[in-house]
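Chemist: Heads up: the sequence shown runs through residues 1 to 135, numbered per full-length UniProt numbering. Where is the CB? At the ideal position from N, CA and C, for every residue including glycine. There's a structure below that I have some questions on.
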Amino acid sequence: MEEVIEQLREANEPVPVPLELPDEDQLVEIEEQLFIDIPFVFREFLLHVSDVVYGSLEPVTVTDPQSHTYLPDVAANAWDAGVDRSMIPICQDGDDYYCVEEDGTVVLWSGEEEIVTEETWESVWHWARDVWLES
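In structure tokens, the structure reads:
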């Protein structure tokens, strides 16, 4: 985890209006909006690197309700598209969604096929290393 955080921090691209990191209170508010608990490992991800801007993928954020990456809005769109309500999207990629399951595993949901594919990652940190940092 620490190594991935370091890599993301180094790769962070400067933007005109930098994102802010959330605090625990904001994550509790998000959970109340979603009616679902955020898995521990995904909480850690949001608390430590959800302000990073890098590559072609844009993971969800939780501090700016006006952002197109605002988790409650991305989740509503994902669930409307057919993603199972027990999964929380961590990143939209076209019609596809990378989602975190209750146990912290990350899966790829295919919008074209409307199914969870066989691609999985042990945690959001593995996904960040293998997918986001490679985007």
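1) For the alpha helix (DSSP H) that contains Ile125, what are its first and last residues?
2) Alpha carbon to alpha carbon, how far is Thr117 from Asp64? Give it in angstroms, no decimals.
3) So if DSSP puts Gln92 in a beta bridge, which residue, or which two residues, is it bridged to?
4) Which term fits Asp95, buried or exposed, when burial requires 16 or more other beta carbons within 10 angstroms of its beta carbon?
5) Less than 6 angstroms between C-beta atoms, sequence neighbours within five positions excluded: which residues of the same chain meet that for Glu58?
6) Have a look at the DSSP bridge pairing and note the partners of Ile30.
7) Grouping DSSP H, G and I as helix and E and B as strand, with all else coil, what is Val53?
8) Under the DSSP definition of a beta bridge, which residues are partnered with Thr120?
9) Taking the beta carbon of Ile115 as the centre, do at least 16 other beta carbons fall within 10 Å, making it buried, or is it exposed?
10) Please name the residue in Val107, Ser110, Leu71 whose C-alpha comes closest to that of Glu31.
11) Please go through the same chain and pick out, in chain order, the residues whose beta-carbon is closer than 7 angstroms to the beta-carbon of Arg43, but skip the five residues on each side of it.
12) If you compare alpha carbons, which of Glu113, His126, Glu24 is closest to Val100?
Modeler: Taking the geometry as given:
1) Just to set this straight, residue 125 is Trp in the shown sequence, not Ile. For Trp125, the enclosing alpha helix (DSSP H) covers residues 124-127.
2) Looking at the two C-alpha atoms, the distance is approximately 30 angstroms.
3) Partner(s): Glu58, Tyr97.
4) Taking all protein chains shown into account, Asp95 has fewer than 16 neighbouring C-beta atoms within 10 Å of its C-beta and is therefore exposed.
5) Correct list, in chain order: Thr69.
6) By DSSP's assignment, Ile30 forms no beta bridge with any residue.
7) Val53 falls in the coil class under three-state DSSP.
8) The partner list for Thr120 (beta bridge, DSSP) reads Val107.
9) Around the beta carbon of Ile115, a 10 Å sphere encloses fewer than 16 other beta carbons of the protein chains shown; the residue is thus reported as exposed.
10) That would be Leu71, whose Cα lies nearest to the Cα of Glu31.
11) Setting aside the 5 residues that flank it on each side, Arg43 is surrounded in the same chain by Leu27, each with a C-beta closer than 7 angstroms to its C-beta; the list follows chain order.
12) Of the candidates Glu113, His126, Glu24, the one whose C-alpha sits nearest the C-alpha of Val100 is His126.
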